[in-house]
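Residue numbers 24 to 291, in our numbering, belong to the letters of the sequence shown in order.
Beta carbons: idealized from backbone N, C-alpha and C, even for Gly.
For reference, the structure discussed in these notes is given below.
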Amino acid sequence: MPEPNGVALVTGASTGIGRHLAEGLARRGMAVAGLARGEDRLRTEMDVIADSTGARTLAVAADVTDREAVEDAVGRVLGEFGRIDLLVNNAGQMDAEEVPVWQADPDEWWAVVTSHIRGGLLPARAVVPGMVERGSGRVVDLASGLSTRGGRLYSAYSVGKTGLMRLTEVLAAGLEGTGVHVFDLAPGVVRTSMSTSMSLHENRTEWTDPEQVVAFVAAIAAGELDQWSGRFLHAGMDELDRLRTTQPDATQRQLRLQPYADGDPAAG
24 MPEPNGVALV TGASTGIGRH LAEGLARRGM AVAGLARGED RLRTEMDVIA DSTGARTLAV
84 AADVTDREAV EDAVGRVLGE FGRIDLLVNN AGQMDAEEVP VWQADPDEWW AVVTSHIRGG
144 LLPARAVVPG MVERGSGRVV DLASGLSTRG GRLYSAYSVG KTGLMRLTEV LAAGLEGTGV
204 HVFDLAPGVV RTSMSTSMSL HENRTEWTDP EQVVAFVAAI AAGELDQWSG RFLHAGMDEL
264 DRLRTTQPDA TQRQLRLQPY ADGDPAAG
């Protein structure tokens with residue numbers, strides 16, 4: 024079997040966008056480790072991907088909010104492949120009920136927030152040191168349009184995604200000069216069981232092609248968008264060719280307060 028074009032670890036890989044990413048990266052020659060909570064389904068999907076693409080795959084079952092489980096899973100991936108070049112933090116939950124925040128069950132609400140923030144922190148904490156040691160690597164945190172704004176519904180998901188977006192920025196800042204880069208990538212609205220369950224999309228007729236999301240992640244993995252490290256990208260809106268040739272300035276595509284007037288001391 025030929026040497027893989029890098030090794031990717033994708034969380035939430037057994038369904039939805041994570042499943043699309045695992046297969047799409049495998050088709051581009053990467054070895055892919057998929058991580059998810061349900062071992063049987065994950066193993067089946069990773070075997071299907073291996074059979075259809077010829078790529079090396081590995082199924083590692085773990086809850087991304089469980090520190091020991093994540094560390095063990097990353098250890099298995101490193102034992103199998105020797106390195107991880109790309110981490111995609113895709114796993115995360117959605118609010119079970121579409122209600123205002125004060126009506127939400129606080130335990131369920133917090134579990135959703137935790138799935139995105141702790142579920143992004145723990146894999147990064149386990150993977151990034153090896154990337155720093157090698158002097159190269161990329162982390163992609165799956166963001167959302169709801170990362171950048173708040174609304175009446177999906178409050179836990181919005182808070183979780185916004186927190187993950189800030190985690191991306193601070194992680195990228197800490198990694199400056201190491202050769203390791205971190206990105207927020209909103210996939211657009213891909214047709215999945217999660218997106219179709221949301222009232223927000225009940226009348227939607229146009230969906231983001233999952234291949235667009237794969238193309239963005241593949242471009243990031245290839246180092247084509249490193250100047251955007253620590254920033255928000257949107258697969259459903261941005262044009263890859265334009266991003267490749269654009270150098271962002273200052274705090275563009277990062278979360279900041281907007282000024283109420285010239286000279287607003289709290290803006291920026």
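### Query
At which residue ranges does the region 146–170 contain complete beta strand (DSSP E) runs of 3 or more residues, listed in the order of the chain?
Taken in chain order, the whole beta strand (DSSP E) runs of length 3 or more contained in the region 146–170 are 160–165.
### Query
So, helix, strand or coil for V193, using DSSP?
helix
### Task
Would you identify the three-state DSSP class for L81, choosing helix, strand or coil?
Note: L81 maps to strand in three-state DSSP.
### Query
What's the gap between the Cα of G168 and the Cα of R90?
Cα to Cα, the separation comes out at about 28 angstroms.
### Every unbroken beta strand (DSSP E) inside the region 97–122 [3 residues or more]
The DSSP assignment places 109–112 as complete runs of the beta strand (DSSP E) inside the region 97–122, in order along the chain (cut-off: 3 residues).
### Query
Q116: buried (16+ other C-beta within 10 angstroms of its C-beta) or exposed?
buried
### Query
So does the region 147–164 actually touch the region 177–194, counting three or more Cβ pairs closer than 8 angstroms?
yes
### Query
Would the beta-carbon of P210 be found less than 7 angstroms away from any heavy atom of the ligand GTP?
With respect to the ligand GTP, the structure shown offers nothing to examine, as it has no ligands at all.
### Message
Buried or exposed, going by whether 16 or more other CB atoms sit within 10 Å of the CB of A179?
### Response
Counting C-beta atoms within 10 angstroms of its own C-beta, A179 has 16 or more neighbours from the protein chains shown and is therefore classed as buried.
### Message
If distances are taken between C-alpha atoms only, which option among T268, E262, H204 and D287 comes closest to G253?
### Response
With distances taken between CA atoms, G253 lies nearest to H204 out of T268, E262, H204 and D287.
### Query
In this structure, does DSSP put L263 in helix, strand or coil?
If DSSP states are grouped into helix, strand and coil, L263 belongs with the helices.
### Task
Determine the direct distance from the alpha carbon of D272 to that of D285, and round the result to whole angstroms.
19 angstroms
### Message
Quick check on DSSP: helix, strand or coil for D207?
### Response
The DSSP-derived three-state label of D207 is strand.
### Task
Would you identify the three-state DSSP class for I140, choosing helix, strand or coil?
helix
### Query
Exposed or buried, what is W125 when buried is set at 16 or more other beta-carbons lying within 10 Å of its beta-carbon?
exposed
### Proximity below 8 angstroms, CB of S170 to CB of A209
yes
### Task
Compare the Cα-Cα distances from F255 to each of I72, G246, F206 and L32 and report the closest residue.
F206
### Task
Report yes or no: do the region 126–144 and the region 53–71 share at least 3 C-beta pairs separated by less than 8 angstroms?
no
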